[in-house]
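Student: Let me give you the structure first, and then I'll get to my questions.
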Amino acid sequence: MTNLKNDIVTGAIDADELVECMLGYFGYGGFVDEKTAFFGRKQGDFALKVSCTNAGAVLKIEPGPQFDRGDLKPIREKIKSEITSAGGTKVASGILFSRGKTNGYFRYRDEFQLIPSIGPQLPYGGEQNPSILEVSYESSTNLGFSFNRQMRKLYATELSLVVLLPTVVNLQAPNVTSGWVNDFEKPGFTDYRQIGYVHPRAQLDSFSDLSSYSPIPTVGNEEFYSDDVAHHSEFRIPDTLASDLDKISRLSQDDRNKFLHAAYWLKVAGLNCPPANSQAFVALVSSVEALIGKPKRTGHCDTCDRPVDEGNFALFSSFIDKYYLTGNVSAKRKKEFYNLRSDLAHGYVFRRDISPWGLKLRGSDEEAKFYRLHDLVRKLVLGWLKHI
716 MTNLKNDIVT GAIDADELVE CMLGYFGYGG FVDEKTAFFG RKQGDFALKV
766 SCTNAGAVLK IEPGPQFDRG DLKPIREKIK SEITSAGGTK VASGILFSRG
816 KTNGYFRYRD EFQLIPSIGP QLPYGGEQNP SILEVSYESS TNLGFSFNRQ
866 MRKLYATELS LVVLLPTVVN LQAPNVTSGW VNDFEKPGFT DYRQIGYVHP
916 RAQLDSFSDL SSYSPIPTVG NEEFYSDDVA HHSEFRIPDT LASDLDKISR
966 LSQDDRNKFL HAAYWLKVAG LNCPPANSQA FVALVSSVEA LIGKPKRTGH
1016 CDTCDRPVDE GNFALFSSFI DKYYLTGNVS AKRKKEFYNL RSDLAHGYVF
1066 RRDISPWGLK LRGSDEEAKF YRLHDLVRKL VLGWLKHI
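The sequence shown runs contiguously to residue 1103 in our numbering.
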C-alpha cells in the first residue's frame, strides 16, 4: 500500500499525538497491535492506518479502502494546528517530595526549577517534605495534548532527579486518591478523606520569580554521593547537577529510554522500602538490568519453568566492575546480591515482610542488604550516565 507519511506530516512528530489527532478527525478507530492503529468514520471502516517504531516515531501512514484523498488537506491542517504549530511555551507545576526540606531554589536552564513550597511543612523529619517543581513545555490548542505534554515533562524530570538526588522521593501523582485518616479536629475519630498536598496548579506563562530565594546549597560531588547524604535535614545538590542534566539531554533515544527505565525501577525501590523490602530489592536489580539489556536465552528453569538466560550473573558482575563510581565491589558481595535476587524472583520473601514486628535473629541483615544494594545501584546508574 502507498505510504502517505510524507504527504501528511513533515519532520519528527509524536506518534501518540498523531493517533489521538486522527481519532479526533475520523471519529472511530482501534489498535491492530501495540505499534499500529486504524481509523474510519464508522465501525467496519478502514480509511487510514498509522504504524510506528519501537521508539515511538511514525513509520508509515497507509490509506485504506474508505480513504478519500480530499481528506489530505484537512488532516494536514489539523496536525499543524494541534501538534506541529508552536502553541507557546507554558510552565506547569507539581509537588515533589523529598527527605530534606527545600529552603532555596535550583534552576536548570529554561527547562525546570525547584522552589520551596508556600504551603504547610512537616513539623518533624520525614520523607514527605514538599517542594514545587516547575517545568516548561510547548503547549497546544488541543487541551488534552497540552496536559499530556506537561505531565510527561514533569515525570521525566522527576525520574532524572530520583537518580541524581538521593533525597528525592517522588512526585505527587495527579490522580485523586482517598483514604482513612485521623481526624485532628475530632481527636480519637477517623474520617475518609481525599489525600494529597494541594497548591495552586494553574498553568503559568513563565517561571515563578526567584528574587526572594537563595540558591540551594551545593556539595562536592564525592561528598554528596556518600552513604549518609540522604540523612541531611536540608535539601542539597551536588556541584555536578547541571552538567549531569546536560548529559541526560544529550543521550540518544535508545540510551535515554534505558536511563528512564533504570530510573523508574530505582524510584519503585525507594517507594517500596519499607514496608515491601522484597519487592524493592527485585526492583533494584531490575534497574541495573534495564541498562545491561537482554542476555541470550538458553532454556527454562527446572524449578519454576521461567526462561533462563546465558551469562546473567556474568553480565551483572562485569557491569558493576565497569560503572561502579567508587572503589570495587567484591565477588562475594556481587554473588550475594544476585543470588538473593534469584531467590526472590522464585518466590522467597524477606522475613520482615511476612512478620515485621519485633526483633529477628534469622533475616536480621535483610534490610541492611537492601540499603547496601540501593547505594550500589544508585552509584551504578550514575556511573553509567557519566561514562556513556
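Backbone N, C-alpha and C fix where the C-beta goes; we use that ideal spot for every residue, glycine too. Note that this is a predicted model, so its numbers are computed, not measured.
Name the two residues that bound the continuous alpha helix (DSSP H) containing V850.
Tutor: Counting from 1 along the sequence shown, the entry for residue 850 is found at position 135. Looking at the DSSP string, V850 is not in any alpha helix (DSSP H); the run it does join, the beta strand (DSSP E), is 844 to 853.
Student: Note down the Cα distance separating K795 from V747, rounded to an integer number of angstroms.
Tutor: Taking the sequence shown and counting its residues from 1, the one referred to as residue 795 is at position 80. Taking the sequence shown and counting its residues from 1, the one referred to as residue 747 is at position 32. For K795 and V747, the distance between alpha carbons rounds to 26 Å.
Student: Which word fits H1089, buried or exposed, when buried means at least 16 other C-beta atoms lie within 10 angstroms of its C-beta?
Tutor: Counting from one through the sequence shown, the residue named residue 1089 turns up at place 374. Classification for H1089: buried.
Student: If you compare alpha carbons, which of R824, T799, A730, R1066 is closest to D959?
Tutor: Position 244 of the sequence shown holds residue 959. If we check each option's Cα against that of D959, R824 comes out closest.
Student: With C-beta atoms as the reference, is F1065 less than 8 Å away from E1081?
Tutor: Locating residue 1065 in the sequence shown gives position 350, counting from the first residue. Locating residue 1081 in the sequence shown gives position 366, counting from the first residue. Yes.
Student: Is any heavy atom of the ligand MN found at a distance shorter than 7 Å from the C-beta of P930?
Tutor: Summarising the ligand content, the structure contains no ligands, and the ligand MN is consequently not present.
Student: Please look up how many angstroms separate the CB atoms of T1041 and K1094, rounded, as I've assumed it's under 8 Å.
Tutor: Stepping through the sequence shown from its first residue, residue 1041 is reached at position 326. Stepping through the sequence shown from its first residue, residue 1094 is reached at position 379. About 7 Å; that satisfies the 8 Å criterion.
Student: Please state whether the Cβ-Cβ distance between N885 and F812 is less than 8 Å.
Tutor: In the sequence shown, counting from the first residue as 1, residue 885 sits at position 170. In the sequence shown, counting from the first residue as 1, residue 812 sits at position 97. The answer is yes: Cβ separation under 8 Å.
Student: Where do the ends of the alpha helix (DSSP H) carrying E937 lie?
Tutor: As a working note, residue 937 is residue 222 in the sequence shown. Start and end: 936 to 939.
Student: Here's a check: name, in chain order, each residue in its chain whose Cβ is nearer than 7 Å to the Cβ of A801, leaving out the five neighbours to either side.
Tutor: Within the sequence shown, the letter at position 86 stands for residue 801. Same-chain partners within the cutoff: E853.
Student: Looking only at C-alpha atoms, which of A1060, G779, G903 sits nearest to G759?
Tutor: The sequence position of residue 759 within the sequence shown is 44, counting from 1. The residue with the shortest Cα to Cα distance from G759 is G779.
Student: Which residue wins for smallest C-alpha separation from S1057, given the options K1047, K1037, F1028?
Tutor: Position 342 of the sequence shown holds residue 1057. The shortest C-alpha separation from S1057 is found at F1028.
Student: Comparing alpha-carbon positions, which option in G894, I798, F860 lies nearest D1104?
Tutor: What is shown of the chain runs 716 to 1103, which leaves residue 1104 out entirely.
Student: Which of the three DSSP states, helix, strand or coil, is assigned to Q758?
Tutor: One-based indexing of the sequence shown puts residue 758 at position 43. Three-state DSSP puts Q758 in coil, outside helix and strand.
Student: Figure out for me which residue from C767, L919, L763 has the closest Cα to the Cα of I1134.
Tutor: Here the chain comprises residues numbered 716 to 1103, so residue 1134 is not present and cannot be evaluated.
Student: Sorted by chain position, which residues of the same chain lie with C-beta nearer than 8 Å to G745's C-beta, five sequence neighbours on each side aside?
Tutor: Sequence index remark: in the sequence shown, residue 745 carries index 30 (1-based). Excluding positions up to five away in sequence, the list reads A752, F753.
Student: Could you say which of Y1063, I728, N857 lies nearest to N992 if we only look at CA atoms?
Tutor: Here residue 992 corresponds to residue number 277 of the sequence shown, with the count starting at 1. It is Y1063 whose Cα lies nearest to the Cα of N992.
Student: Here's a check: name, in chain order, each residue in its chain whose Cβ is nearer than 7 Å to the Cβ of F974, leaving out the five neighbours to either side.
Tutor: Taking the sequence shown and counting its residues from 1, the one referred to as residue 974 is at position 259. So the qualifying residues of the chain are I963, L966, L1100.
Student: Determine which residues share a DSSP beta bridge with Y743 and list them.
Tutor: Looking up residue 743 in the sequence shown gives position 28. G755.
Student: Among the residues of its own chain, which have a CB less than 6 Å from the CB of H914, if the five just before and after it don't count?
Tutor: Numbered from its first residue, the sequence shown carries residue 914 at position 199. So the qualifying residues of the chain are G834.
Student: Relative to the alpha-carbon of N721, which residue among P838, I776, L738, N897 has its alpha-carbon at the smallest distance?
Tutor: For the purposes of this step, residue 721 is taken as residue 6 along the sequence shown, with counting starting at 1. Ranking the options by Cα distance to N721, first place goes to I776.
Student: Near Q836, which residues of its chain fall below 8 Å by C-beta distance, leaving aside the five closest residues on each side in sequence?
Tutor: On the sequence shown, residue 836 is found 121 positions in, with the first residue counted as 1. Same-chain partners within the cutoff: K816, N844, P845.
Student: N992 lies in the alpha helix (DSSP H); which residues open and close that run?
Tutor: Position 277 of the sequence shown, counting from 1, holds the residue named residue 992. Run containing N992: 992 to 1007, per the alpha helix (DSSP H) assignment.
Student: Among A888, L956, A1046, S948, which one has its Cα closest to the Cα of E937?
Tutor: One-based indexing of the sequence shown puts residue 937 at position 222. That would be L956, whose Cα lies nearest to the Cα of E937.
Student: Between which two residues does the beta strand (DSSP E) harbouring T703 extend?
Tutor: No information on residue 703 is available, as it lies outside the stretch 716 to 1103 that the chain covers here.
Student: Return helix, strand or coil for K764, following the three-state DSSP convention.
Tutor: As a position in the sequence shown, residue 764 is number 49, starting the count at 1. Strand.
Student: Verify whether the separation of the beta carbon atoms of A1005 and A984 is less than 8 Å.
Tutor: Position 290 of the sequence shown, counted from the first residue, corresponds to residue 1005. Position 269 of the sequence shown, counted from the first residue, corresponds to residue 984. Cβ atoms of A1005 and A984: not closer than 8 Å.
Student: Beta-carbon within less than 6 Å of E873's beta-carbon, same chain only, minus the 5 sequence neighbours each way: which residues are those?
Tutor: Indexing the sequence shown from 1 puts residue 873 at position 158. Answer for E873: L886, listed in chain order.
Student: Where do the ends of the beta strand (DSSP E) carrying Y696 lie?
Tutor: Residue 696 lies beyond the stretch modelled for the chain, which goes from 716 to 1103, so this question has no answer here.
Student: Between which two residues does the alpha helix (DSSP H) carrying P789 extend?
Tutor: Here residue 789 refers to the residue found at position 74 when the sequence shown is read from its first residue. Start and end: 787 to 794.
Student: Could you check whether P831 and Y928 sit closer than 8 Å to each other, using their CB atoms as the reference points?
Tutor: By 1-based counting over the sequence shown, the position of residue 928 is 213. By 1-based counting over the sequence shown, the position of residue 831 is 116. In this structure, P831 lies closer than 8 Å to Y928 by Cβ.
Student: Quick check on the burial criterion: 16 or more other C-beta atoms within 10 angstroms. Buried or exposed for S921?
Tutor: Taking the sequence shown and counting its residues from 1, the one referred to as residue 921 is at position 206. When all chains shown are included, S921 counts as exposed.
Student: Can you tell me whether DSSP reads E749 as helix, strand or coil?
Tutor: Against the sequence shown, residue 749 aligns to sequence position 34. Coil, per DSSP.
Student: In the DSSP output, which residue or residues are listed as bridge partners for P835?
Tutor: Here residue 835 refers to the residue found at position 120 when the sequence shown is read from its first residue. Answer is none; P835 lacks a bridge partner.
Student: Quick check on the DSSP output: the beta strand (DSSP E) that includes N885 runs from which residue to which?
Tutor: To locate residue 885, count along the sequence shown from 1; it is residue 170. Its beta strand (DSSP E) spans residues 883 to 886.
Student: Taking 8 Å as the threshold (C-beta atoms), are K793 and C767 in contact?
Tutor: Sequence index remark: in the sequence shown, residue 767 carries index 52 (1-based). Sequence index remark: in the sequence shown, residue 793 carries index 78 (1-based). Result no, Cβ atoms of C767 and K793 do not sit closer than 8 Å.
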